[in-house]
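In the working numbering, the protein residues as written are 182 to 356.
Shown next as structure tokens:
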């Protein structure tokens, strides 16, 4: 099933350079998985076709639609759903990662649809979506930061009281 949507005047064919490009919506079937776990997924995607040379390509929008279909097949959150969790808390990726202890590169890949989170991380993201759980993580982080600050202050105080290498410090070190 293919239907013409529009002529795209803002781009040109990567093969011949012609600007007479048609964008159609077509049903596209693609394999996902390997061996006995392989399945065929079907999606409706934009197909870009050059009227001059006949080259047909799937663009980034089509790839995003395919990625979303894989996420739905796996039963995990889509990139948009993950981004919405972070944005609903009005946090940058860096802030979100500092709180969740997830890597910035990881969150960036999930939000851009470059990779798909495993089921355990998907469950973690699901739990973070709930305000009470997110607040508990924030509170826990604040408690840990406070303990770290107190520990650092105690270490600084100890070195001021007994300079490293002093006889008193050496006695403490032996204890």
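We put the beta carbon where it would ideally sit given N, CA and C, even for glycine. Keep in mind it's a predicted model, so treat the numbers as computed, not measured.
Candidates the options: closest to residue i by CA position
{"i": "residue 306", "options": "200, 205, 221, 264", "result": "264"}
{"i": "residue 236", "options": "210, 223, 269, 199", "result": "199"}
{"i": "residue 243", "options": "297, 292, 251, 225", "result": "225"}
{"i": "residue 260", "options": "222, 205, 299", "result": "299"}
{"i": "residue 213", "options": "266, 297, 312", "result": "297"}
{"i": "residue 311", "options": "267, 197, 294", "result": "267"}
{"i": "residue 257", "options": "207, 324, 208, 301", "result": "301"}
{"i": "residue 195", "options": "271, 238, 227, 317", "result": "238"}
{"i": "residue 252", "options": "320, 317, 303", "result": "303"}
{"i": "residue 270", "options": "245, 208, 319", "result": "319"}
{"i": "residue 205", "options": "216, 227, 295, 211", "result": "227"}
Proximity of residue i and residue j at Cβ, strictly below 8 Å
{"i": "residue 248", "j": "residue 220", "result": "no"}
{"i": "residue 309", "j": "residue 281", "result": "yes"}
Beta-carbon proximity list for residue i, same chain, < 7 Å, skipping 5 on both sides
{"i": "residue 292", "result": "260, 263, 264"}
{"i": "residue 250", "result": "222, 224"}
{"i": "residue 322", "result": "280"}
{"i": "residue 357", "result": "Here the chain comprises residues numbered 182 to 356, so residue 357 is not present and cannot be evaluated."}
C-alpha gap between residue i and residue j, whole angstroms
{"i": "residue 327", "j": "residue 283", "result": "20 Å"}
{"i": "residue 240", "j": "residue 313", "result": "40 Å"}
{"i": "residue 193", "j": "residue 202", "result": "7 Å"}
{"i": "residue 325", "j": "residue 246", "result": "41 Å"}
{"i": "residue 210", "j": "residue 329", "result": "53 Å"}
{"i": "residue 285", "j": "residue 294", "result": "14 Å"}
{"i": "residue 218", "j": "residue 287", "result": "26 Å"}
{"i": "residue 215", "j": "residue 197", "result": "36 Å"}
Same chain, Cβ closer than 8 Å to residue i, five either side skipped, listed in chain order
{"i": "residue 272", "result": "280"}
{"i": "residue 317", "result": "none"}
Contacts around residue i, its chain only, beta-carbon distance under 6 Å, and the 5 residues preceding and following it disregarded
{"i": "residue 315", "result": "309"}
Notebook entry, point to check: Does the pairing of the segment 228-248 with the segment 272-291 give three or more beta-carbon distances under 8 Å?
Noted result: No, the segment 228-248 is not in contact with the segment 272-291.
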